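Trainee: Sharing a structure, written as structure tokens. Questions coming.
Following this line, the structure appears as structure tokens:
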């Protein structure tokens with residue numbers, strides 16, 4: 001043992017000496033190379049510092065707006081006073097009583113015409129229709145709002161013509177609200193509108209809001225309620241709105257969103273028979289993009305063709321068939337050599353518990369949800385790299401970072417697609433190819449509809465051995481009902497996903513990851529990253545499994 005140790009030590013010493021002898025000359029770095037490397041590091045550091053500074057300025061602006069609103073909410077000034085010697089029998093008389101001279105005057109809020117005297121709806125999918133009109137519209141108008149071509153069906157309500165004639169001014173084909181005609185005292189009136197033309201003459205009396213193209217449900221208005229309440233307690237609304245206008249102008253300058261001009265831009269989407277693909281094809285076509293929409297069925301092709309314009313191309317595409325992908329490439333090449341965006345949307349959700357899922361199902365799910373998207377991406381990379389600012393948008397899932405019982409095949413395919421997307425983004429940055437990953441939660445799409453029947457069918461096709469191991473009682477009372485679990489029960493509106501797809505296609509600075517919906521952005525993210533894994537396992541056990549045991553476990557306990 002001692003001689004072996006000595007020999008080994010001698011050998012190691014000799015190897016180390018030889019290594020030092022071979023590498024005695026250190027590589028030298030030229031002055032130019034050192035200078036270029038220093039400049040590169042300086043630019044990277046400056047860029048990161050500037051990004052950090054902008055993010056903090058953004059947070060400070062939001063904080064400033066909130067503090068400004070809270071100050072006015074907290075300052076409760078004069079209140080009504082009782083008339084001396086007067087008794088009031090009910091609240092009506094009390095509120096009709098005289099007020100002190102110092103009491104703050106009432107304010108007037110002017111809302112957008114579309115929400116007051118006109119009811120209109122457009123022919124898009126992402127706008128939530130709250131009122132279904134009956135009968136023929138008074139007129140139809142085609143407009144372009146923020147490069148979105150829209151057709152409006154307008155139903156006039158009473159007094160709309162009077163309002164337009166008396167309180168509005170026609171300027172350059174659009175109506176501007178004349179606030180002075182509504183009320184002489186401009187300190188008491190303000191307007192809430194998403195069109196700058198509407199308040200062109202009164203910028204100090206306006207609260208600018210986002211267009212409903214970026215907030216179709218108008219939920220952003222809810223955040224304005226504290227601010228509107230605060231305006232009640234100031235004498236001159238302009239003292240607040242001027243500050244808001246300045247802050248808003250600074251914010252738009254620092255964080256202005258730049259959008260791609262859709263004219264001449266081609267977008268290829270797979271899986272357009274229904275769901276996200278169908279909605280995205282319709283919405284992007286309305287924005288002005290030239291769409292290549294791949295569908296799997298003839299029925300889907302017919303239905304989608306009726307919704308798209310003449311410049312869109314709808315064709316059969318089976319992404320698991322390499323020949324179909326090659327034919328798709330030739331079809332695209334006949335119209336363009338530059339592809340602006342590739343949206344890998346097609347997907348299936350099959351399988352159940354690992355013990356219930358066959359290997360053929362695993363291979364099928366991986367083939368559709370992963371390998372086919374890899375094939376599509378590799379095939380169209382030459383067209384995507386022809387110009388800068390192209391992008392690949394992969395429809396993943398929250399199951400791509402969060403694994404739930406019964407979704408092993410689906411989760412594995414989405415985990416793989418997530419990793420592929422990250423590698424693609426980091427490899428192709430030299431071509432300025434942007435890669436966005438969309439990770440929605442459960443949405444009300446055909447992929448989750450009928451999942452209960454699929455689980456029942458899966459159970460019926462299992463072998464006798466597997467059925468005996470789990471037991472029919474356990475399967476029907478504990479496993480199969482979980483096809484309609486908490487996440488499926490509270491599935492969200494798919495329009496949320498369509499909107500982020502629109503942003504990923506149209507923005508010059510698309511996000512790397514989108515998590516539309518509360519399930520993906522809050523609940524599941526917290527379960528996966530913010531709490532211990534054992535606690536997450538315990539919560540999932542409560543959600544997915546009842547107290548009943550499988551048949552094999554009961555038999556084992558009976559023997560013991």
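Numbering (UniProt numbering), first residue to last: 1 to 560.
The C-beta atom is built at its ideal place from N, Cα and C for all residues, glycine as well.
Bear in mind that the values here come from a model prediction, so they are computed numbers and not experimental data.
In the segment 245 to 301, which residue ranges form an unbroken alpha helix (DSSP H) of at least 4 residues, counting only runs that do not cross its ends?
Mentor: Correct list: 275 to 287.
Trainee: Which residues in the same chain have their Cβ closer than 8 Å to the Cβ of residue 107, if we skip the five residues on either side of it in sequence?
Mentor: Counting from one through the chain shown, the residue named residue 107 turns up at place 107. Excluding residues within five positions, the ones whose Cβ falls inside 8 Å are 188, 189, 190, 231, 232, 237.
Trainee: Can you tell which of 509, 520, 39, 376 has its C-alpha closest to the C-alpha of residue 332?
Mentor: Walking along the chain shown from the start, residue 332 turns up at place 332. Taking only the C-alpha atoms, the option nearest residue 332 is 376.
Trainee: In three-state DSSP terms, what is residue 183?
Mentor: Working through the chain shown from its first residue, we reach residue 183 at position 183. Reduced to three states, the DSSP call for residue 183 is coil.
Trainee: Look up residue 313 in the DSSP assignment and give the residues it is bridged to.
Mentor: Reading the chain shown from its first residue, position 313 is the one you call residue 313. DSSP, once it has assigned bridges, lists 292 as partnering residue 313.
Trainee: Exposed or buried, which one is residue 50 when buried takes at least 16 other CB atoms within 10 Å?
Mentor: Stepping through the chain shown from its first residue, residue 50 is reached at position 50. Per the 10 Å Cβ criterion, exposed.
Trainee: Residue 503: buried (16+ other C-beta within 10 angstroms of its C-beta) or exposed?
Mentor: Residue numbering aside, residue 503 sits at position 503 when the chain shown is read from its first letter. Answer is buried; the Cβ neighbour count reaches 16.
Trainee: Out of 168, 193, 195, 192, which one is the CA nearest neighbour of residue 182?
Mentor: Numbered from its first residue, the chain shown carries residue 182 at position 182. When each option's Cα is compared against that of residue 182, the closest is 168.
Trainee: Measuring CB to CB, does residue 548 end up less than 7 Å from residue 477?
Mentor: The residue given as residue 548 occupies position 548 in the chain shown. The residue given as residue 477 occupies position 477 in the chain shown. Yes, these two residues count as a Cβ contact at 7 Å.
Trainee: Does the segment 381 to 399 come within contact of the segment 324 to 340, defined as at least 3 CB pairs closer than 8 Å?
Mentor: Contact between the segment 381 to 399 and the segment 324 to 340 is present, because at least three Cβ pairs lie under 8 Å.
Trainee: In this structure, how does DSSP classify residue 391 when only helix, strand and coil are distinguished?
Mentor: What you label residue 391 is simply residue 391 of the chain shown in a count that begins at 1. Correct three-state label for residue 391: strand.
Trainee: For residue 465, count the other beta carbons within 10 Å of its own beta carbon; 16 or more makes it buried, fewer makes it exposed. Which is it?
Mentor: Your numbering for residue 465 matches position 465 in the chain shown. Exposed is the call here.
Trainee: Where do the N-terminal and C-terminal ends of the alpha helix (DSSP H) with residue 414 fall, by residue?
Mentor: Position 414 of the chain shown, counted from the start, is the residue given in the question as residue 414. That run of the alpha helix (DSSP H) goes 408 to 427.
Trainee: Run the CB neighbour count on residue 538, radius 10 Å, all protein chains shown included, and call it buried at 16 or more, exposed below.
Mentor: Counting from 1 along the chain shown, the entry for residue 538 is found at position 538. When all chains shown are included, residue 538 counts as exposed.
Trainee: What first and last residue would you give for the beta strand (DSSP E) that runs through residue 434?
Mentor: One-based indexing of the chain shown puts residue 434 at position 434. Element bounds for residue 434: 434 to 438.
Trainee: Can you list, in chain order, the residues of its chain whose CB lies under 7 Å from that of residue 297, leaving out five sequence neighbours each side?
Mentor: The residue labelled residue 297 in the question sits at position 297 within the chain shown. Around residue 297: 273.
Trainee: Is DSSP giving residue 176 helix, strand or coil here?
Mentor: As a working mapping, residue 176 is identified with position 176 in the chain shown. Strand, per DSSP.
Trainee: Looking only at C-alpha atoms, which of 470, 35, 178 sits nearest to residue 554?
Mentor: Position 554 of the chain shown, counting from 1, holds the residue named residue 554. It is 470 whose Cα lies nearest to the Cα of residue 554.
Trainee: What separation, rounded to the nearest whole angstrom, lies between the Cα atoms of residue 111 and residue 184?
Mentor: Within the chain shown, residue 111 is the residue found at index 111, counting from 1. Within the chain shown, residue 184 is the residue found at index 184, counting from 1. Going by the C-alpha atoms only, they are around 18 Å apart.
Trainee: When DSSP builds the beta bridges, which residues end up paired with residue 206?
Mentor: Start at 1 with the first residue of the chain shown, and residue 206 comes out as number 206. Residue 206 pairs with 191.
Trainee: Going by alpha carbons, who is nearest to residue 176 out of 192, 436, 199?
Mentor: Position 176 of the chain shown, counting from 1, holds the residue named residue 176. The candidate whose alpha carbon is nearest that of residue 176 is 199.
Trainee: When you compare only the Cα positions, how much space is there between residue 544 and residue 523?
Mentor: Residue numbering aside, residue 544 sits at position 544 when the chain shown is read from its first letter. Residue numbering aside, residue 523 sits at position 523 when the chain shown is read from its first letter. In a straight line, the C-alpha of residue 544 is about 16 Å away from that of residue 523.
Trainee: Just verifying my parser: in three-state terms, what is the DSSP assignment at residue 511?
Mentor: Here residue 511 corresponds to residue number 511 of the chain shown, with the count starting at 1. It is coil, neither helix nor strand.
Trainee: Could you pull out every residue in the same chain whose Cβ sits closer than 7 Å to the Cβ of residue 520, ignoring the five residues on either side in sequence?
Mentor: Taking the first residue of the chain shown as 1, we reach residue 520 at position 520. Around residue 520: 398, 439, 440, 441.
Trainee: Would you kindly check if the distance between the Cβ of residue 400 and the Cβ of residue 418 is under 7 Å?
Mentor: Your numbering for residue 418 matches position 418 in the chain shown. Your numbering for residue 400 matches position 400 in the chain shown. It is a contact, given that the beta carbons lie within the stated cut-off.
Trainee: What do you get for residue 429, buried or exposed, if any count of 16 or more other CB atoms within 10 angstroms of its CB means buried?
Mentor: Here residue 429 refers to the residue found at position 429 of the chain shown. Exposed.
Trainee: With distances taken Cα to Cα, identify the nearest neighbour of residue 496 among 270, 290, 379, 277.
Mentor: Residue 496 sits at position 496 when you count from the first residue of the chain shown. Taking only the C-alpha atoms, the option nearest residue 496 is 277.
Trainee: Strictly by DSSP, which residues pair up with residue 109?
Mentor: Position 109 of the chain shown holds residue 109. Bridge partners of residue 109: 190.
Trainee: Among 488, 325, 559, which one has its Cα closest to the Cα of residue 295?
Mentor: Along the chain shown, one-based indexing puts residue 295 at 295. The shortest Cα separation from residue 295 among 488, 325, 559 belongs to 325.
Trainee: Nearest-angstrom Cα distance between residue 265 and residue 371?
Mentor: Locating residue 265 in the chain shown gives position 265, counting from the first residue. Locating residue 371 in the chain shown gives position 371, counting from the first residue. Distance between the alpha carbons of residue 265 and residue 371 is about 27 Å.
Trainee: Could you tell me the alpha carbon to alpha carbon distance between residue 229 and residue 207, rounded to whole angstroms?
Mentor: Taking the first residue of the chain shown as 1, we reach residue 229 at position 229. Taking the first residue of the chain shown as 1, we reach residue 207 at position 207. Cα to Cα, residue 229 sits roughly 13 Å from residue 207.
Trainee: What are the residues that DSSP puts in a beta bridge with residue 168?
Mentor: For the purposes of this step, residue 168 is taken as the residue at position 168 of the chain shown. Answer is 177.
Trainee: Got a sec, what are the start and stop residues for the beta strand (DSSP E) residue 344 sits in?
Mentor: As a position in the chain shown, residue 344 is number 344, starting the count at 1. 341 to 344 is the span of the beta strand (DSSP E), which, as asked, contains residue 344.
Trainee: Tell me, please, which residues DSSP counts as bridged to residue 443.
Mentor: Here the question's residue 443 lines up with position 443 in the chain shown. Residue 443 pairs with 492.
Trainee: Identify, in the order they occur along the chain, each residue of the same chain with its Cβ nearer than 6 Å to the Cβ of residue 541, setting aside the five sequence neighbours on each side.
Mentor: Numbered from its first residue, the chain shown carries residue 541 at position 541. Once the five neighbours on either side are set aside, residue 541 has no close Cβ partner at all.
Trainee: Taking all protein chains shown into account, do 16 or more other C-beta atoms lie within 10 angstroms of the C-beta of residue 302, making it buried, or fewer, making it exposed?
Mentor: For this step, residue 302 is matched to residue 302 along the chain shown. So residue 302 counts as exposed.
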